[in-house]
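Novice: Count along the sequence shown starting at 1, add 51, and that's the number in the numbering used here.
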Amino acid sequence: MGDFMMTVPVDYQQVASAPGDPQGSISFMKKTDLAVCLAQYYAIPADMAMPFNSPKEVIDGIHQALGPNQGLIEVMSGVTPAGKKYIFTIVKTGNRPNAPGVQYCLTMQIGFFASRVFYVQGFFDETGFTGDRDASVYAILQNDGKIGPNGEGWMCDPYDPDYQRGLLMNLSEKTDYDGIFPTHPLTEARKLATQIVQAN
52 MGDFMMTVPV
62 DYQQVASAPG
72 DPQGSISFMK
82 KTDLAVCLAQ
92 YYAIPADMAM
102 PFNSPKEVID
112 GIHQALGPNQ
122 GLIEVMSGVT
132 PAGKKYIFTI
142 VKTGNRPNAP
152 GVQYCLTMQI
162 GFFASRVFYV
172 QGFFDETGFT
182 GDRDASVYAI
192 LQNDGKIGPN
202 GEGWMCDPYD
212 PDYQRGLLMN
222 LSEKTDYDGI
232 FPTHPLTEAR
242 KLATQIVQAN
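See below:
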(Lines of atoms letter the chains of each structure in order from A; the text may use other names.)
(Lines give C-alpha, C1' and ligand atoms only; values in the text may rest on other atoms or scores of the structure.)
Protein backbone atom coordinates (compact mmCIF):
# COMPACT_ATOMS: atom_id res chain seq x y z
CA MET A 52 0.00 0.00 0.00
CA GLY A 53 2.61 2.51 -1.04
CA ASP A 54 4.37 3.92 2.03
CA PHE A 55 1.81 2.47 4.43
CA MET A 56 3.17 -0.53 6.32
CA MET A 57 0.14 -1.97 8.07
CA THR A 58 0.30 -5.31 9.84
CA VAL A 59 -2.46 -7.81 9.05
CA PRO A 60 -3.11 -10.52 11.67
CA VAL A 61 -1.87 -13.91 10.48
CA ASP A 62 -5.31 -15.52 10.80
CA TYR A 63 -6.74 -13.18 8.13
CA GLN A 64 -6.39 -14.15 4.47
CA GLN A 65 -6.41 -11.71 1.57
CA VAL A 66 -9.46 -12.00 -0.69
CA ALA A 67 -10.38 -10.49 -4.03
CA SER A 68 -12.00 -7.09 -4.05
CA ALA A 69 -15.71 -6.96 -4.77
CA PRO A 70 -17.64 -4.47 -6.91
CA GLY A 71 -18.32 -1.36 -4.86
CA ASP A 72 -15.28 -1.74 -2.61
CA PRO A 73 -13.42 1.54 -1.92
CA GLN A 74 -10.87 2.38 -4.60
CA GLY A 75 -7.42 1.16 -3.66
CA SER A 76 -8.68 -0.99 -0.79
CA ILE A 77 -7.30 -4.40 0.09
CA SER A 78 -9.67 -6.92 1.71
CA PHE A 79 -8.95 -9.64 4.25
CA MET A 80 -11.26 -12.31 5.66
CA LYS A 81 -11.41 -14.65 8.63
CA LYS A 82 -14.05 -17.17 9.73
CA THR A 83 -14.73 -18.67 13.15
CA ASP A 84 -17.50 -20.92 14.42
CA LEU A 85 -19.51 -17.82 15.39
CA ALA A 86 -18.32 -15.10 13.00
CA VAL A 87 -17.50 -14.12 9.44
CA CYS A 88 -15.00 -11.24 9.54
CA LEU A 89 -14.17 -8.97 6.60
CA ALA A 90 -11.69 -6.11 6.92
CA GLN A 91 -10.86 -3.54 4.26
CA TYR A 92 -7.64 -1.51 4.47
CA TYR A 93 -7.13 1.75 2.55
CA ALA A 94 -6.14 5.41 2.90
CA ILE A 95 -8.31 8.53 2.99
CA PRO A 96 -7.52 12.26 2.94
CA ALA A 97 -6.92 13.63 6.42
CA ASP A 98 -9.76 16.14 6.07
CA MET A 99 -12.23 13.23 5.83
CA ALA A 100 -11.08 11.64 9.10
CA MET A 101 -12.88 11.54 12.42
CA PRO A 102 -11.50 14.00 15.01
CA PHE A 103 -8.85 12.02 16.87
CA ASN A 104 -8.95 14.30 19.91
CA SER A 105 -12.71 14.57 20.25
CA PRO A 106 -14.41 11.21 20.85
CA LYS A 107 -17.41 13.04 22.32
CA GLU A 108 -17.99 14.71 18.96
CA VAL A 109 -17.82 11.29 17.29
CA ILE A 110 -20.26 9.80 19.81
CA ASP A 111 -22.74 12.63 19.26
CA GLY A 112 -22.47 12.23 15.49
CA ILE A 113 -23.10 8.49 15.69
CA HIS A 114 -26.12 9.02 17.94
CA GLN A 115 -27.60 11.36 15.37
CA ALA A 116 -26.97 8.97 12.48
CA LEU A 117 -28.04 5.63 14.00
CA GLY A 118 -30.98 3.85 12.41
CA PRO A 119 -33.80 2.14 14.32
CA ASN A 120 -32.03 -1.23 14.11
CA GLN A 121 -28.59 0.05 15.19
CA GLY A 122 -26.77 0.72 18.44
CA LEU A 123 -23.45 2.20 19.52
CA ILE A 124 -21.11 -0.24 21.25
CA GLU A 125 -17.80 1.55 21.64
CA VAL A 126 -15.74 4.61 20.75
CA MET A 127 -12.06 4.67 21.71
CA SER A 128 -9.19 6.99 20.88
CA GLY A 129 -5.56 7.22 21.91
CA VAL A 130 -1.98 6.94 20.69
CA THR A 131 -0.32 3.79 19.36
CA PRO A 132 3.01 2.53 20.79
CA ALA A 133 4.72 4.18 17.79
CA GLY A 134 3.11 7.53 18.59
CA LYS A 135 0.35 7.59 15.97
CA LYS A 136 -3.07 8.93 16.91
CA TYR A 137 -5.98 6.55 16.42
CA ILE A 138 -9.72 6.39 16.91
CA PHE A 139 -12.18 3.60 16.33
CA THR A 140 -15.90 2.99 16.66
CA ILE A 141 -18.01 -0.16 16.83
CA VAL A 142 -21.67 -0.01 15.84
CA LYS A 143 -24.06 -2.97 15.71
CA THR A 144 -26.88 -3.59 13.27
CA GLY A 145 -29.63 -6.13 13.87
CA ASN A 146 -32.92 -7.16 12.32
CA ARG A 147 -31.44 -7.23 8.82
CA PRO A 148 -33.39 -8.78 5.91
CA ASN A 149 -32.33 -12.38 5.31
CA ALA A 150 -29.67 -12.13 8.04
CA PRO A 151 -30.64 -13.69 11.38
CA GLY A 152 -27.61 -12.55 13.35
CA VAL A 153 -26.18 -9.20 14.39
CA GLN A 154 -23.42 -7.44 12.45
CA TYR A 155 -20.75 -5.36 14.20
CA CYS A 156 -19.07 -2.68 12.11
CA LEU A 157 -15.60 -1.49 13.09
CA THR A 158 -14.49 1.88 11.72
CA MET A 159 -10.88 2.64 12.58
CA GLN A 160 -8.52 5.43 11.56
CA ILE A 161 -4.83 5.97 12.28
CA GLY A 162 -2.97 9.19 11.49
CA PHE A 163 0.14 8.28 9.50
CA PHE A 164 0.80 11.56 7.70
CA ALA A 165 -0.49 15.13 7.79
CA SER A 166 -2.35 14.64 4.51
CA ARG A 167 -3.54 11.04 4.79
CA VAL A 168 -5.11 8.74 7.33
CA PHE A 169 -5.09 4.96 7.31
CA TYR A 170 -8.63 3.56 7.36
CA VAL A 171 -9.88 0.11 8.36
CA GLN A 172 -13.50 -0.82 7.81
CA GLY A 173 -14.47 -4.16 9.33
CA PHE A 174 -17.71 -6.11 9.13
CA PHE A 175 -18.16 -8.88 11.69
CA ASP A 176 -21.27 -11.00 11.12
CA GLU A 177 -22.80 -13.35 13.63
CA THR A 178 -23.12 -16.84 12.21
CA GLY A 179 -23.64 -20.38 13.42
CA PHE A 180 -25.62 -20.52 16.67
CA THR A 181 -26.66 -16.86 16.77
CA GLY A 182 -27.69 -15.11 19.97
CA ASP A 183 -25.84 -17.49 22.29
CA ARG A 184 -23.76 -14.76 23.96
CA ASP A 185 -26.83 -12.64 24.65
CA ALA A 186 -28.95 -15.51 25.92
CA SER A 187 -26.24 -17.01 28.13
CA VAL A 188 -25.28 -13.74 29.83
CA TYR A 189 -28.91 -12.68 30.18
CA ALA A 190 -29.75 -15.90 32.02
CA ILE A 191 -26.76 -15.53 34.35
CA LEU A 192 -27.48 -11.90 35.21
CA GLN A 193 -31.18 -12.45 35.69
CA ASN A 194 -30.48 -15.39 37.99
CA ASP A 195 -28.09 -13.15 39.97
CA GLY A 196 -30.74 -10.44 40.24
CA LYS A 197 -28.71 -7.94 38.24
CA ILE A 198 -31.50 -7.32 35.74
CA GLY A 199 -35.23 -7.12 36.35
CA PRO A 200 -37.79 -9.85 35.63
CA ASN A 201 -38.82 -8.05 32.45
CA GLY A 202 -35.28 -7.24 31.36
CA GLU A 203 -34.92 -3.95 33.21
CA GLY A 204 -31.29 -2.84 33.13
CA TRP A 205 -30.34 -5.17 30.28
CA MET A 206 -29.95 -2.53 27.55
CA CYS A 207 -28.36 0.91 27.77
CA ASP A 208 -26.30 3.19 25.57
CA PRO A 209 -22.69 3.04 26.87
CA TYR A 210 -22.21 6.83 26.83
CA ASP A 211 -25.63 8.38 27.45
CA PRO A 212 -28.20 6.68 29.73
CA ASP A 213 -30.85 9.07 28.42
CA TYR A 214 -30.33 7.96 24.81
CA GLN A 215 -33.14 5.50 24.07
CA ARG A 216 -33.36 5.16 20.28
CA GLY A 217 -32.52 2.10 18.25
CA LEU A 218 -31.06 -1.26 19.23
CA LEU A 219 -29.19 -0.33 22.39
CA MET A 220 -26.05 -2.07 23.63
CA ASN A 221 -26.82 -4.88 26.07
CA LEU A 222 -24.79 -6.09 29.04
CA SER A 223 -23.48 -9.17 27.21
CA GLU A 224 -21.66 -6.84 24.81
CA LYS A 225 -19.36 -5.48 27.51
CA THR A 226 -15.68 -6.35 27.21
CA ASP A 227 -16.03 -8.40 30.43
CA TYR A 228 -17.53 -11.26 28.39
CA ASP A 229 -15.12 -11.28 25.44
CA GLY A 230 -12.94 -13.89 27.11
CA ILE A 231 -15.91 -16.22 27.54
CA PHE A 232 -16.86 -15.85 23.86
CA PRO A 233 -13.46 -15.56 22.11
CA THR A 234 -14.81 -16.30 18.60
CA HIS A 235 -17.90 -14.06 18.78
CA PRO A 236 -17.97 -11.30 16.11
CA LEU A 237 -17.86 -8.49 18.68
CA THR A 238 -14.82 -10.06 20.34
CA GLU A 239 -13.19 -10.41 16.91
CA ALA A 240 -13.87 -6.73 16.12
CA ARG A 241 -12.23 -5.60 19.34
CA LYS A 242 -9.38 -8.04 18.82
CA LEU A 243 -8.59 -6.67 15.36
CA ALA A 244 -8.66 -3.07 16.63
CA THR A 245 -6.29 -3.99 19.48
CA GLN A 246 -3.91 -5.83 17.15
CA ILE A 247 -3.76 -2.89 14.77
CA VAL A 248 -3.06 -0.42 17.59
CA GLN A 249 -0.34 -2.59 19.12
CA ALA A 250 1.38 -3.15 15.76
CA ASN A 251 1.57 0.54 14.87
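Virtual Cβ for every residue (Gly too), placed ideally from N, Cα, C.
#1: By DSSP, does Glu-224 sit in helix, in strand, or in coil?
#2: Is Ala-67 helix, strand or coil when you go by DSSP?
#3: Grab me the residues of Ser-166's own chain with a C-beta within less than 6 Å of its C-beta, minus the 5 sequence neighbours each way, in chain order.
#4: Please name the residue or residues paired with Ser-187 in a DSSP beta bridge.
#5: Using a Cβ-Cβ cut-off of 6 Å (strictly less than) and excluding sequence neighbours within five positions of Gln-65, which residues of its own chain qualify?
#6: Determine the direct distance from the alpha carbon of Gly-199 to that of Cys-207, and round the result to whole angstroms.
#7: Going along the chain, which residues of its own chain have a beta-carbon closer than 8 Å to the beta-carbon of Gly-217, five neighbours each way excluded?
#8: Whose C-alpha, out of Ala-90, Pro-236, Thr-144, Asp-211, is nearest the C-alpha of Thr-83?
Specialist: Taking the geometry as given:
#1: For this step, residue 224 is matched to residue 173 along the sequence shown. In the structure shown, Glu-224 adopts helical secondary structure according to DSSP, grouped into three states.
#2: Taking the sequence shown and counting its residues from 1, one reaches residue 67 at position 16. Assigned with DSSP and collapsed to three states, Ala-67 falls in coil, not helix or strand.
#3: Along the sequence shown, read from residue 1 onward, the residue named residue 166 stands at position 115. Ala-97, listed in sequence order.
#4: Here residue 187 refers to the residue found at position 136 of the sequence shown. DSSP lists no partner for Ser-187.
#5: Start at 1 with the first residue of the sequence shown, and residue 65 comes out as number 14. Counting only Cβ-Cβ distances below 6 Å, and skipping sequence neighbours, we find Phe-79.
#6: Mapped onto the sequence shown, residue 207 falls at position 156. Mapped onto the sequence shown, residue 199 falls at position 148. Computed Cα separation, rounded: 14 Å.
#7: Numbered from its first residue, the sequence shown carries residue 217 at position 166. These residues qualify, in order along the chain: Leu-117, Gly-118, Pro-119, Asn-120, Gln-121, Gly-122.
#8: To locate residue 83, count along the sequence shown from 1; it is residue 32. The option with the nearest alpha carbon to Thr-83 is Pro-236.
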